[in-house]
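Okay, so here's the structure we're looking at.
In the working numbering, the protein residues as written are 11 to 311.
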């Protein structure tokens, strides 16, 4: 169940790139499932800018990814994926599923996006205003972030021929990057990483291991500290009203709702309250400790 996340500006050629990746994987005998922005039936190009509809679309795509990451098929999320907090959530889904993971960033400037947009059927086009707005909101992947790594960058232009590296020193040659049909894609590298690379691993505390009574207070303290650290790290990446996925918890009880940004002092106070309530009632697994603490945080937001 390898997971490939594709991101880039609107109309930058992402779907054409994914077509070529899927064709390469098929030649290797690998099946793929593509999850696309357009799969959500209640969302249209002109709905960008409507925060509620965008949030509903992201929730739908996230659930589709989670549903398909259960077998040996390669899952490709083909979409804008322009919010770094959302990419982080998708990364956590891959981590929960213990799968290999990679990000492909399709890079193009605004004029190239507009040029490619004009080549689409009218019903599939973005307005130029929407393209400009989405580009202004785009949060570029950073390979220093674990949720944006490994990162494969593909530079897309308007040239209808492959890039000739031998001509770089010839100033008379147009050095425009190739269009999506001709641009070089590191197909072998992507395939080797997804199909032969190291799978993401859950934290040790996500494993359901019965706790001996003598270890309970120690684990209660440690797990709640880990949950707080993960939330503080992640809440900066998501908007108010969205949620943070906590990896060291039960899969169906792992969402902390961000109603406002909390300080470390507030989390510390709530953590102490939770420990005082829980220490007389031993909990039998690390995952359950985390999920009960998440429930407590959501109830005291």
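No residue lacks a Cβ here, since even glycine has one placed at the ideal position from N, Cα and C.
Remember, it's a predicted structure, so these values are computed and weren't measured experimentally.
Put simply, the backbone Cα of residue 187 is about 23 Å away from that of residue 201.
Under the three-state reduction of DSSP, residue 228 is assigned to helix. Within the stretch 106–167, the complete beta strand (DSSP E) segments of 3 residues or longer fall at 111–117, 161–165, listed in chain order. The straight-line gap separating the alpha-carbon atoms of residue 77 and residue 164 is approximately 28 Å. Scanning 109, 257, 98, 304 for the CA closest to the CA of residue 246 turns up 98. One alpha carbon belongs to residue 27, the other to residue 267, and they sit about 35 Å apart. Within the DSSP secondary-structure output, residue 88 pairs in a beta bridge with 16, 46. Annotated three-state conformation of residue 247 is coil, per DSSP. Looking from the CA of residue 120, the closest CA among 62, 306, 33, 168 belongs to 168.
Taking each of 151, 33, 11, 22 in turn and checking the Cα distance to residue 198, the smallest one comes out for 33.
300 is the residue among 292, 66, 38, 300 whose C-alpha sits nearest the C-alpha of residue 236. Looking at the DSSP output, residue 253 shares a beta bridge with 267. Partner residues in the beta bridge of residue 188, as assigned by DSSP, are 169. Leaving aside the five residues that flank residue 25 on each side, the residues in its chain whose CB is nearer than 8 Å to its CB run, in chain order, 46, 88. With a beta-carbon spacing of about 5 Å, residue 83 and residue 41 fall inside the 8 Å limit used to define contacts. Out of 204, 166, 249, 234, the CA that lies nearest to the CA of residue 192 is found in 166. Between residue 102 and residue 255, the CB-CB gap stays under 8 Å.
By the Cβ-count criterion, residue 67 is buried, with 16 or more other Cβ atoms from all chains shown falling within 10 Å of its own Cβ. Burial of residue 252 is indicated by the presence of at least 16 other C-beta atoms within 10 angstroms of its C-beta. The DSSP-derived three-state label of residue 30 is helix.
The beta carbon of residue 196 lies closer than 6 Å to those of 162 in the same chain, with the five residues before and after it left out.
Check the Cα spacing between residue 71 and each of 59, 60, 43: the tightest is with 43. Counting C-beta pairs closer than 8 Å gives fewer than three between the stretch 133–149 and the stretch 281–297, which falls short of the contact rule. Taking all protein chains shown into account, residue 258 has 16 or more neighbouring C-beta atoms within 10 Å of its C-beta and is therefore buried. Our two residues, residue 124 and residue 137, have alpha carbons roughly 9 Å apart in a direct line.
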